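Below is one structure, written out as structure tokens; comments come after it.
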Amino acid sequence: MVMKTRIAIIGAGIIGVMIARFLVEKGVNDIVLIEKNYPGSGGSFRCATGIRASFTSPEHVEMMKRSIELWPILSEKHGFTYRRDGYIWLLSEEEHVEMFKKIVEFHHRYAVPTKIITPEEIKEMVPTINTENLLAGVYDPLAGKADCFRALLNTLEYVKNKGAKVLTRTKAEKIIIKDSRAQAVETNKGVIEAEKIIVAAGYGSKKILKNSGVDIPLENLPKHALITEAYKPLFKPLLIDWSTASYIIQVLHGGFLIGANMKEKPDTIPVNRIEYLYLAVKIWSKYFKWLPYTRILRYWTGYYVMTPDHHPVIGPHSRIENLYIATGFSGHGFMMAPSVGEIMSQYILGEKLSVPIAKNLKLERFEKGKYVKEIAIFG
Amino acid sequence: MDPEKVIICRCENVTLKDLLDAIDKGYTDLESLKRYLRIGMGPCQGKYCLILAASILRRRLGKNYDELLLPKNRPPLKPIEAYYFLKPPKEAKDLEV
Ligand SMILES: Cc1cc2nc3c(=O)[nH]c(=O)nc-3n(C[C@H](O)[C@H](O)[C@H](O)COP(=O)(O)OP(=O)(O)OC[C@H]3O[C@@H](n4cnc5c(N)ncnc54)[C@H](O)[C@@H]3O)c2cc1C
């Protein structure tokens, strides 16, 4: 098989799909998405669906703020659910409260409306919570959640109706580069010639790029998550227990999804461990006395694809023409996908970037030692 | 029988019509149907509906078993009350982070 296309996108996760979406929106329909498994099969269908702009670097904040402008537009146009239900960080130690005061100040400088709230205020928003051990909370009213399945599938349907093609069960092996120009994608099913090639294959990007002579510092960090059966809506915000960095969210369908940190080595394959269930139940039963009576439905693992500064790689390659990269989302790729799709389409079509600071996120920053700086690492 | 009245997935209330419409839209493997219709995501974990959906898919599209992409079974195989995990057994490691 030899195929020809204007744009080849490797990876049909939420990132690849959103890039395609912003391209077809501008009339570019000659697109082929190359997916080794099926769309969403990587991180995108395993995520906790949380969306927020309350980060601690200007790059993250600006990208997420743009995403939060785009999410409601996408939700309406493509018919999936998105809601600004907020996030609350639960703080039980004095030093954490002090740290978060500084973070909130930083947010306000970037017009992110977080605020420190009292345990009583937490209880108003989360009526059944036990606030006995809590000193305070940090509330982010701009944060929210979306249906990760329909966000990807409905958007992909739209893109396909506009003429884009999706090759499933097709694995990209390498990019054929001649005279410092990306020319084609070699797959297990044949060669796809393209004018522009976008690598959005999550951790898979590392191998594809390596086979093409390009190094990218990515690590696959195993993560564990569980979900209960669906219950009636009980509380809206995603809650983060800051002392254990664990979160609970009632997803839009009604299940309670819990993520908690297990000790894991990067680049190892995670296995299901019963300890995870004990850990998740222990942390959240302290807050909710009904939790032990919910029924655990599913437990799964996935990865955060990490970079050295925990910020993604977004943009064109500095020396290889027509090669673009969008990966390494370090646990935040779902929420950022709309603005990444938009920015990538702007790079590809030579337009002005809607988030100028995104230029700091190109791969070359690692070669130049210009890592993205954060005022604190949290969440 | 009226496909709107035939229930394929009882947990998530998916009818035969929903399934046939989704197949016509291009959702032709079980992994995608699971996320699109939520078939197999409820308490039965797909024990009944996924097998039904698989045979309908095969009949309509003539795919072989391999191409149907039968989703993985995730633990616990049957929904289980969280209280069984309130007190870890002594041998459980890695509980503190
Ligand atoms: C438990 C958990 C909870 C999370 N919670 C959140 C959250 O609340 N909010 C948030 O924003 N993010 C969250 N994330 C992170 C989020 O899921 C990811 O950042 C996001 O899905 C990344 O999207 P992607 O398109 O880059 O990657 P993926 O969805 O992994 O897509 C990459 C695709 O490329 C394909 N591929 C790989 N190699 C090849 C190849 N050689 N050829 C062809 N195709 C290939 C893969 O099959 C895959 O489909 C969470 C992640 C996990 C694991």
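Protein sequences appear in the order of chains F and R. The opening position of the first sequence corresponds to residue -14 in my numbering, with each subsequent residue numbered one higher. The opening position of the second sequence corresponds to residue 10 in my numbering, with each subsequent residue numbered one higher. The beta carbon of each residue, even a glycine, is placed where N, CA and C say it ideally should be. None of the values given here were measured: they were computed from a predicted structure.
Exercise for review: Using a threshold of 8 Å, state whether the C-beta atoms of F:R68 and F:K(-11) are closer than that.
Suggested key: Translated into the one-based positions of the first sequence, residue 68 of chain F becomes position 83. Translated into the one-based positions of the first sequence, residue -11 of chain F becomes position 4. Not a contact, by the Cβ cut-off of 8 Å.
Review point. When the Cα atoms are used, what is the spatial distance from R:D33 to F:E352?
Key: Translated into positions along the second sequence, residue 33 of chain R becomes position 24. Translated into positions along the first sequence, residue 352 of chain F becomes position 367. Rounded to the nearest whole angstrom, the C-alpha separation of R:D33 and F:E352 is 49 Å.
Review point. What did DSSP end up calling F:R280 once you bin it into helix, strand or coil?
Key: As a first step, residue 280 of chain F is located in the first sequence; it is residue number 295 there, counting from the start. Strand at F:R280.
Check your understanding: Closer than 7 Å: is that where the CB of F:S29 sits relative to any heavy atom of ligand 1?
Key -> Residue mapping note: residue 29 of chain F aligns to position 44 of the first sequence, counting from 1. Taking 7 Å as the cut-off, one finds at least one heavy atom of ligand 1 near enough to the beta carbon of F:S29.
Exercise for review: Just the C-alpha distance for F:D15 and R:A31, rounded to the nearest angstrom, thanks.
Suggested key: In the first sequence, the residue the question calls residue 15 of chain F occupies position 30. In the second sequence, the residue the question calls residue 31 of chain R occupies position 22. Rounded to the nearest whole angstrom, the C-alpha separation of F:D15 and R:A31 is 25 Å.
Check your understanding: Would you report the Cα separation of F:G148 and F:S315, rounded to the nearest angstrom?
Key -> Counting from 1 along the first sequence, the entry for residue 148 of chain F is found at position 163. Counting from 1 along the first sequence, the entry for residue 315 of chain F is found at position 330. F:G148 and F:S315 have their C-alpha atoms roughly 31 Å apart.
Exercise for review: Give the range of the beta strand (DSSP E) segment to which F:V123 is assigned.
Suggested key: Taking the first sequence and counting its residues from 1, the one referred to as residue 123 of chain F is at position 138. A121 to D125 is the extent of the beta strand (DSSP E) around F:V123.
Review point. Relative to the alpha-carbon of F:A185, which residue among F:E90, F:V(-13), F:I(-5) and F:M(-14) has its alpha-carbon at the smallest distance?
Key: Here residue 185 of chain F is taken as the residue at index 200 of the first sequence, counted from 1. Among F:E90, F:V(-13), F:I(-5) and F:M(-14), the Cα nearest to that of F:A185 belongs to F:I(-5).
Review point. F:K(-11) lies in the beta strand (DSSP E); which residues open and close that run?
Key: Within the first sequence, the letter at position 4 stands for residue -11 of chain F. Looking at the DSSP string, the run of the beta strand (DSSP E) that includes F:K(-11) is V(-13) to I(-5).
Exercise for review: Sort out for me which residues DSSP pairs F:H209 with in a bridge.
Suggested key: Taking the first sequence and counting its residues from 1, the one referred to as residue 209 of chain F is at position 224. Paired residues: F:T286.
Review point. Helix or strand or just coil, what does DSSP make of F:P57?
Key: Position 72 of the first sequence, counting from 1, holds the residue named residue 57 of chain F. F:P57: helix per DSSP, three-state reduction.
Check your understanding: So what's F:K191 in DSSP terms, helix, strand or just coil?
Key -> Taking the first residue of the first sequence as 1, we reach residue 191 of chain F at position 206. The answer is helix: DSSP assigns F:K191 an H, G or I state.
Check your understanding: Any heavy atom of ligand 3 closer than 7 Å to the Cβ of F:M320?
Key -> For ligand 3, the structure offers nothing, since it holds only ligand 1.
Exercise for review: Give the single residue among F:P43, F:H317, F:G1 and F:V266 whose Cα lies nearest to the Cα of F:Y356.
Suggested key: On the first sequence, residue 356 of chain F is found 371 positions in, with the first residue counted as 1. That would be F:P43, whose Cα lies nearest to the Cα of F:Y356.
Point to revise | Cross-chain neighbours of R:K34 in chain F, by beta carbon under 8 Å | key: Taking the second sequence and counting its residues from 1, the one referred to as residue 34 of chain R is at position 25. Per Cβ cutoff of 8 Å: E142.
Review point. Between F:Y272 and ligand 1, is the CB less than 7 Å from at least one heavy atom?
Key: Residue mapping note: residue 272 of chain F aligns to position 287 of the first sequence, counting from 1. It does not: the Cβ of F:Y272 is nowhere closer than 7 Å to a heavy atom of ligand 1.
Exercise for review: Leaving out five residues on either side along the sequence, give the residues of the same chain with a beta carbon under 6 Å from the beta carbon of R:E13.
Suggested key: Stepping through the second sequence from its first residue, residue 13 of chain R is reached at position 4. Once the five neighbours on either side are set aside, the close Cβ partners of R:E13 are T24 and K26.
Point to revise | Expected contact under 8 Å - CB spacing of F:V111 and F:L224 to nearest Å | key: To locate residue 111 of chain F, count along the first sequence from 1; it is residue 126. To locate residue 224 of chain F, count along the first sequence from 1; it is residue 239. F:V111 to F:L224, Cβ: 7 Å. Contact.
Exercise for review: Output yes or no for whether 8 Å exceeds the beta carbon distance between F:K181 and F:R(-9).
Suggested key: Here residue 181 of chain F refers to the residue found at position 196 when the first sequence is read from its first residue. Here residue -9 of chain F refers to the residue found at position 6 when the first sequence is read from its first residue. Yes, the Cβ-Cβ distance between F:K181 and F:R(-9) is below 8 Å.
Check your understanding: Taking the C-alpha atoms as reference points, what is the distance between F:K221 and F:K267?
Key -> For the purposes of this step, residue 221 of chain F is identified with residue 236 of the first sequence, where counting begins at 1. For the purposes of this step, residue 267 of chain F is identified with residue 282 of the first sequence, where counting begins at 1. Computed Cα separation, rounded: 21 Å.
Practice item. With a threshold of 16 other CB atoms inside 10 Å of the CB of R:M50, please say whether the residue is buried or exposed. Key: Here residue 50 of chain R corresponds to residue number 41 of the second sequence, with the count starting at 1. So R:M50 counts as buried.
Review point. Quick one: what's F:P301 bridged to in DSSP?
Key: By one-based count along the first sequence, residue 301 of chain F stands at place 316. Residue pairing from DSSP places F:P301 in a beta bridge opposite F:Y309.
Practice item. Using a Cβ-Cβ cut-off of less than 7 Å, give me the residues of the region 73 to 102 of chain R that come near chain F, in sequence order. Key: L78, R83, P84, P85, P88, I89, E90, A91, Y92, F94, L95, P97, A101 and K102
Review point. If we cut at 8 Å on Cβ distances, does R:T24 have a partner in chain F?
Key: As a working note, residue 24 of chain R is residue 15 in the second sequence. No, its Cβ sits nowhere closer than 8 Å to a Cβ of chain F.
**Study point:** Any 3 or more C-beta pairs closer than 8 Å across the region 109 to 127 of chain F and the region 91 to 101 of chain F
**Key:** As far as the Cβ criterion goes, the region 109 to 127 of chain F touches the region 91 to 101 of chain F, which means the pair count is three or higher.
**Study point:** Exposure label - F:S165; buried when at least 16 CB within 10 Å
**Key:** Reading the first sequence from its first residue, position 180 is the one you call residue 165 of chain F. Counting Cβ neighbours within 10 Å, F:S165 comes out exposed, since fewer than 16 surround it.
Review point. With DSSP run on the structure shown, which of helix, strand or coil describes F:T66?
Key: Here the question's residue 66 of chain F lines up with position 81 in the first sequence. F:T66 falls in the coil class under three-state DSSP.
Practice item. Look up F:M291 in the DSSP assignment and say whether it is helix, strand or coil. Key: Mapped onto the first sequence, residue 291 of chain F falls at position 306. F:M291: strand per DSSP, three-state reduction.
Practice item. Check the Cβ-Cβ distances between R:D30 and every residue of chain F, and say whether any is below 8 Å. Key: Reading the second sequence from its first residue, position 21 is the one you call residue 30 of chain R. It does not: the Cβ of R:D30 has no partner Cβ on chain F nearer than 8 Å.
Review point. At a Cβ threshold of 8 Å, is R:R44 touching chain F?
Key: Position 35 of the second sequence, counting from 1, holds the residue named residue 44 of chain R. Yes, R:R44 lies at the interface with chain F (some Cβ there is under 8 Å from its Cβ).
Exercise for review: Check the DSSP bridge columns for F:G240 and list the partner residues they point to.
Suggested key: Along the first sequence, read from residue 1 onward, the residue named residue 240 of chain F stands at position 255. Beta-bridge pairing links F:G240 to F:A215.
Exercise for review: Closer than 7 Å, Cβ to Cβ, to anything on chain R: give me those residues from the region 238 to 257 of chain F, in chain order.
Suggested key: N246, M247, K248 and N257
Point to revise | R:Y93 - DSSP class collapsed to helix/strand/coil | key: The count along the second sequence starts at 1 and reaches residue 93 of chain R at position 84. R:Y93: helix per DSSP, three-state reduction.
Review point. Ends of the beta strand (DSSP E) at F:V170?
Key: Residue 170 of chain F sits at position 185 when you count from the first residue of the first sequence. From DSSP, the beta strand (DSSP E) with F:V170 extends over R166 to T172.
Review point. What alpha helix (DSSP H) runs, 4 residues minimum, are completely inside the region 37 to 93 of chain R?
Key: 39 to 46 and 58 to 70
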